[in-house]
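Quick note: the sequence shown uses numbering that gives the first Met the number 0, first residue 0, plus one each step. Note that beta-carbon positions come from the ideal geometry of N, C-alpha and C, so glycine has one too. Report on the following structure.
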Amino acid sequence: MDLSTGFGLENVRNEILKISKIPVGTVPIYETAVKMLESKRAIVEMDEDSIFKTIENQLKEGIDFITVHAGITRDLVERMKTIRRTVGIVSRGGTFLAAWILHNKKENPLFKNFDNLLDIASEFDATLSLGDALRPGGLADSLDQYQVGELVNISHLVKRAREKGVQSMVEGPGHVPLDQIEMNVRMEKILTDGAPFYVLGPLVTDIASGYDHINAAIGGAIAAYHGADFLCYVTPAEHLALPNKQEVYEGALAMKIAAHAVNLLRFKEDYLIDLEMSRAREALDWSKQLRLSVDPENAVKVRRERYPKIGDVCTMCGELCALKILKEYLKN
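Below, the structure is given as structure tokens:
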């Protein structure tokens, strides 16, 4: 997904579309908000037509799926004035719309005009990713009335999308305690009659700043095990800064490992790769071990930097290699 919020967004998207071999997604309201800033106007001053015009223009360019925060409603936002959360709203798109609703005292345009949105998506054969504007931004807010209320709204929107022949998936939390992840997945599947679930993490602790890629991979593996379909990676820089190239790589790799751990239970091909690695380790076949690693380049780098005196073992055990010693005595 292109989640850019700077200037020149159209050029950024076009470059991504040129090189991408997989579906590309966006959050159109980001561009609508940026255009308001470019024109020296407040985000809450954007008009409903501009929101839908941005959506249509992006789909014309070739975007495959869009995140739309259509489940956050005026009722939910107004309620937040009196019943506060620990961590408000952490979704950028959700906050733009919440502020717009409060400022204009009107219903969310994406919710109110959802049929119009479906017509546009149908015309361009685009998929709607129904964004969780009210996902919990801290463990204390998990499964609160706002998260659940929005999910109920989204479940109705999923049904309407199906009736119009428009593909949709549902975005999910957020910061979620370990013991609530299964419940979150099951609740989404029941309410939406099995709609694909796209989880942002989930993050299982609030204190992993600098290591949130690990935090998210733990939650992602548990969510996928219980039926989540699409895992969103998180970088080590989450909550701290814009990630650099290496942090993006580390975040994606951590979530890839989480996904693979679950796919081992689903697909024979994935299991066979791990079985091949196990056999290579037993045989002390280092070239195959390095080749089969999830990050071969890094595996080769570590091996070269800490190469053992005896070439067929690693420096963890050296001459006391458990596999090598056992092999010698099994021969006798």
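**Study point:** the stretch 220-239 / the stretch 248-263 touching (three or more Cβ pairs under 8 Å)
**Key:** yes
Practice item. Check the C-beta distance from GLY130 over to THR66 and give it rounded, since I have them as a contact under 8 Å. Key: To locate residue 130, count along the sequence shown from 1; it is residue 131. To locate residue 66, count along the sequence shown from 1; it is residue 67. 4 Å between Cβ atoms; contact.
Check your understanding: Which residue spans inside the stretch 31-66 form an unbroken alpha helix (DSSP H) run of at least 4?
Key -> 47-60
**Study point:** Spatial distance of GLU55 from LYS80 (CA atoms)
**Key:** As a position in the sequence shown, residue 55 is number 56, starting the count at 1. As a position in the sequence shown, residue 80 is number 81, starting the count at 1. Taking the straight line from one Cα to the other gives about 33 Å.
Check your understanding: Does the distance from the C-beta atom of GLY250 to that of TYR232 stay below 7 Å?
Key -> Along the sequence shown, one-based indexing puts residue 250 at 251. Along the sequence shown, one-based indexing puts residue 232 at 233. It is a contact, given that the beta carbons lie within the stated cut-off.
Check your understanding: In three-state terms, what does DSSP make of LEU117?
Key -> On the sequence shown, position 118 is the one that residue 117 refers to. In the three-state reduction of the DSSP assignment, LEU117 falls in the helix class.
Review point. In its own chain, which residues sit with a C-beta less than 8 Å from the C-beta of GLY226, not counting the 5 before and 5 after it?
Key: Translated into the one-based positions of the sequence shown, residue 226 becomes position 227. If we look at GLY226 and ignore the five residues flanking it on each side, its Cβ neighbours are VAL184, ARG185, LYS188 and PHE196.
Check your understanding: Got a sec, what are the start and stop residues for the alpha helix (DSSP H) GLY148 sits in?
Key -> The sequence position of residue 148 within the sequence shown is 149, counting from 1. Residues 144-162.
Review point. Exposed or buried, which one is ASP335 when buried takes at least 16 other CB atoms within 10 Å?
Key: An answer regarding residue 335 cannot be provided, because it is not within the stretch 0 to 331 covered by the chain.
**Study point:** Inter-residue spacing [alpha-carbon to alpha-carbon] between GLN57 and LEU116
**Key:** Working through the sequence shown from its first residue, we reach residue 57 at position 58. Working through the sequence shown from its first residue, we reach residue 116 at position 117. One C-alpha to the other measures close to 13 Å.
Exercise for review: Between the Cα of PRO22 and those of CYS313, GLY173, THR126 and ARG91, spot the shortest distance and give me the residue it belongs to.
Suggested key: For the purposes of this step, residue 22 is identified with residue 23 of the sequence shown, where counting begins at 1. Here the closest residue by C-alpha is THR126.
**Study point:** Terminal residues of the alpha helix (DSSP H) in which MET182 lies
**Key:** Along the sequence shown, one-based indexing puts residue 182 at 183. Per DSSP, MET182 belongs to the alpha helix (DSSP H) from 177-190.
Check your understanding: Got a sec, what are the start and stop residues for the alpha helix (DSSP H) MET168 sits in?
Key -> If you number the sequence shown from 1, residue 168 lands on position 169. For MET168, no alpha helix (DSSP H) run applies; the uninterrupted beta strand (DSSP E) run containing it begins and ends at 167-171, by DSSP.
Point to revise | Supposed close pair ASN152, GLY87 - CB separation, criterion 8 Å | key: Indexing the sequence shown from 1 puts residue 152 at position 153. Indexing the sequence shown from 1 puts residue 87 at position 88. 19 Å between Cβ atoms; not a contact.
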